[in-house]
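Novice: In the working numbering, the protein residues as written are 1 to 672. Heads up, the beta-carbon is just placed ideally off N, CA and C, and yes, glycines get one too. Here it is, the structure, as structure tokens.
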């Protein structure tokens, strides 16, 4: 069993014991204030186009922008085609011609190996046709996106729906053409391997009349050898080049130029189809046929907005280079200068309750991390498959399997009696959280454990990170509770409205209704909630404390749920281990009295938000915006070598150091 990750934030070398420091809640649960919907994302002041976008590209972008501004379809131009597409098409055409010549002039009639030779030029011809079809579909897709977002404000709702449907249909058509090209490329690889095998097998028979590729005459044999060797080399060059060129035939920038909305729409479709296909591979095929806007589309729209830096002329490799340089010479401020001594009682209780947050991962994810090779066996054992006779002794959870394996996994991890687990849900739908409710009589505690990210639905909840406004009912515990100072309550009221992570807030609201259903609260038919019944006066759990625990996504959901329960029950406290940012600054300050977060040193998930990504993106683009053309080649070389970090992991810091030593002037500008 792997050792559990440290609970306390630690600084310095890993050999030193972690100091018991409590990271203030406002640093971990902080979401920036909401921007107006019409305001653009933050960007560097007076940002100039990076030097990597050359003069020729600027002229082409201007022409494309003029064409799009005209309101009609963008006509095809040779300049739209990528240079590498010309190279791949020319190589395939050369293979086709040379293969036809070999079949006609070299192979003798009735040769049994002719099929191997004919397959290579045939696949090359199909590849050329696939490239033409892909280019046509790509042109139609890009043109539809550019025309729709040219005058987006003037379009009606009905026209917008029709245009969006047209874009999706055309994008799917282009996607299938690209996959056809990939399939043909794979067949070309198989054909090249088979051709090489046939030629090598025929070499011992080169002096015999049975030889298909080599004649009996010495001069004839030498010339055939040269032609066949050239054909074989050319076939392999085509296969290798196609592996590194990608599926795009045309340049997207020739259509979108610097139109920000067009780039966002393009990447929105890229992420939308990619996420749906990934969910289909994970067993969620229902998302693949959905055409209307759903949670997948919302996540794709957010990701598309984050990649909109392409409109400024910045490429992906250039952004990676900027991030690497910022990491090396950014002089990032120390955000943990106001650490305070962690209260001993809080940290002691956090250590005791941490196994319950970890036990919520009853699926195979926990076993994959601990037993990468034998995780199926470990998970089956942990699920209690080998002890089906104990099924009736385990509690029945919502969504559990027949032998109640998730209940067995949870109970076995924390080693408690089956009667202690009184409620739970392990299989949830969209924007819902899996949870477990445990009664610890020896500690007089009702514990609610919320599971973190484990299923595709959890990933969608993570991705729905647009800001969501809190209602008065959500903040009722903070506004009307006598347990908080008056100044804190007044500040919450005076700074209304407040915002949080959309997916987390919705999941917390649904879980609040599950545990504290107050349907008909103001009517005679009011239905008491589960927690109200469990903690009511005269019950076995009267006077018990409420503790909420969770890790990552579960910690964030537990935090918002604890905020909703606070004030309704006398003793509520939340222990969140590495939670996601989920509320704004004022709410984070107000929750600091009953929420304790524990983060392992520089864990990124607790600092990951939309605005933090936007700030990092803007800083990386600013670092590259003042580059001279002489630095372009070195930056692109640096970016490509960073992509091969796994291969050059040992000397990756030396790569950046070498660049900075040779280009100190650029590093100096970045640090300013």
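#1: What are the boundary residues of the beta strand (DSSP E) that includes residue 264?
#2: With H, G and I counted as helix, E and B as strand and the rest as coil, what does DSSP make of residue 432?
#3: Indicate whether the contact test is met: 3 or more Cβ pairs, each with one atom in the segment 436-453 and one in the segment 555-563, closer than 8 Å.
#4: Starting from residue 468, trace the beta strand (DSSP E) both ways and give me its first and last residue.
#5: Report back the beta-carbon spacing between residue 512 and residue 562 to the nearest angstrom; my notes put them in contact at under 8 Å.
#6: Could you check the C-alpha separation between residue 188 and residue 182 for me, to the nearest Å?
#7: Does the beta-carbon distance from residue 171 to residue 134 come in below 8 Å?
#8: Can you tell me where the beta strand (DSSP E) holding residue 547 begins and where it ends?
#9: Please report how far the alpha carbon of residue 529 lies from the alpha carbon of residue 473, in whole angstroms.
#10: With C-beta atoms as the reference, is residue 507 less than 8 Å away from residue 433?
#11: Using 10 angstroms around the beta-carbon of residue 379, count the other beta-carbons present and answer buried if the total reaches 16, otherwise exposed.
#12: Relative to the C-alpha of residue 194, which candidate in 175, 184, 224, 120 has its C-alpha closest?
#13: Just the C-alpha distance for residue 365 and residue 374, rounded to the nearest angstrom, thanks.
#14: In whole angstroms, what is the alpha-carbon distance linking residue 271 and residue 455?
#15: As a quick exercise: from 531, 500, 496, pick the residue whose alpha carbon is nearest that of residue 675.
#16: Where residue 43 and residue 308 are concerned, what is the direct C-alpha to C-alpha distance, given to the nearest angstrom?
#17: Does residue 587 come out as helix, strand or coil in the three-state DSSP assignment?
#18: Is the CB-CB distance between residue 495 and residue 586 below 8 Å?
#19: Can you give me the C-alpha to C-alpha distance between residue 278 and residue 479, rounded to a whole angstrom?
#20: Taking residue 544 as the reference, give the member of 422, 442, 160 with the closest Cα.
#21: With a threshold of 8 Å on Cβ separation, who are the neighbours of residue 93 within its own chain once the five nearest residues in sequence on each side are excluded?
#22: Taking C-beta to C-beta, are residue 88 and residue 237 nearer than 8 Å?
#23: Give the single residue among 405, 377, 286, 578 whose Cα lies nearest to the Cα of residue 457.
#24: Give me the Cα-Cα distance between residue 398 and residue 297, rounded to the nearest whole angstrom.
#25: Can you look up residue 499 in the DSSP assignment and give me helix, strand or coil?
#26: Report back the beta-carbon spacing between residue 382 and residue 424 to the nearest angstrom; my notes put them in contact at under 8 Å.
#27: Determine the extent of the beta strand (DSSP E) in which residue 424 is found, giving its start and end residues.
#28: Taking DSSP as the reference, what is the three-state secondary structure of residue 573?
#29: From what residue to what residue does the beta strand (DSSP E) around residue 447 run?
#30: For the alpha helix (DSSP H) that contains residue 597, what are its first and last residues?
#31: Quick check on residue 38: buried or exposed, where buried means 16 or more other Cβ atoms within 10 Å of its Cβ?
#32: When DSSP labels each residue in this structure, what does residue 241 get in the three-state scheme?
#33: Mapping DSSP to helix, strand and coil, what is residue 367?
#34: Near residue 25, which residues of its chain fall below 7 Å by C-beta distance, leaving aside the five closest residues on each side in sequence?
#35: Does the beta-carbon of residue 5 have 16 or more other beta-carbons within 10 angstroms, so that it is buried, or is it exposed?
#36: Within the continuous alpha helix (DSSP H) that includes residue 405, where are the two ends?
Specialist: In short:
#1: Counting along the chain, residue 264 falls outside any beta strand (DSSP E), though it belongs to the alpha helix (DSSP H) covering 260-281.
#2: Secondary structure at residue 432: coil, using DSSP grouped into helix, strand and coil.
#3: In short, these stretches touch, since the Cβ pair count reaches three.
#4: From DSSP, the beta strand (DSSP E) with residue 468 extends over 467-469.
#5: About 10 Å separates the two Cβ atoms, so there is no contact after all.
#6: The alpha-carbon of residue 188 is positioned some 10 Å away from that of residue 182.
#7: Contact flag unset, no.
#8: Run containing residue 547: 545-551, per the beta strand (DSSP E) assignment.
#9: Answer to the nearest angstrom: the Cα atoms are 16 Å apart.
#10: Yes. Within cutoff.
#11: When all chains shown are included, residue 379 counts as buried.
#12: If we check each option's Cα against that of residue 194, 120 comes out closest.
#13: Their backbone Cα atoms lie some 12 Å apart in a straight line.
#14: Rounded to the nearest angstrom, the two C-alpha atoms are 19 Å apart.
#15: Residue numbering for the chain in the displayed model covers 1 to 672; residue 675 lies beyond these limits and cannot be assessed.
#16: Below a pLDDT of 50, predicted positions are generally treated as unreliable, and residue 43, at 42, falls in that range; no measurement from the model is reported.
#17: DSSP places residue 587 within a helical segment (H, G or I) once states are collapsed to three.
#18: Yes, the Cβ-Cβ distance between residue 495 and residue 586 is below 8 Å.
#19: Those two C-alpha atoms are separated by around 43 Å.
#20: It is 442 whose Cα lies nearest to the Cα of residue 544.
#21: These residues qualify, in order along the chain: 124, 128.
#22: The answer is no: Cβ separation not under 8 Å.
#23: The candidate whose alpha carbon is nearest that of residue 457 is 286.
#24: Going from the Cα of residue 398 to the Cα of residue 297 covers about 28 Å.
#25: Note: residue 499 maps to strand in three-state DSSP.
#26: Contact flag wrong, Cβ pair sits at about 16 Å.
#27: Going by DSSP, residue 424 is part of the beta strand (DSSP E) stretching over 421-425.
#28: DSSP places residue 573 in the strand class (E or B) of the three-state scheme.
#29: Annotation: the continuous beta strand (DSSP E) that includes residue 447 extends over 445-450.
#30: Where residue 597 is concerned, there is no enclosing alpha helix (DSSP H), although the beta strand (DSSP E) it sits in stretches over 595-598.
#31: Because residue 38 carries a pLDDT of 39, less than 50, the predicted location of this residue cannot be relied on, and the following value inherits that uncertainty. Here residue 38 is exposed. Its C-beta has fewer than 16 other C-beta atoms within 10 Å.
#32: The DSSP-derived three-state label of residue 241 is helix.
#33: Three-state DSSP puts residue 367 in a helix.
#34: Because the pLDDT at residue 25 is just 39, under 50, the model does not fix this residue reliably, and the value given afterwards should be weighed accordingly. Closer than 7 Å at the Cβ level, and outside the excluded window around residue 25, lie 588, 591, 592, 595, 597.
#35: The predicted model places residue 5 with a pLDDT of 39, which falls under 50 and marks its position as unreliable, so this point remains unresolved.
#36: For residue 405, the uninterrupted alpha helix (DSSP H) run begins and ends at 405-414, by DSSP.
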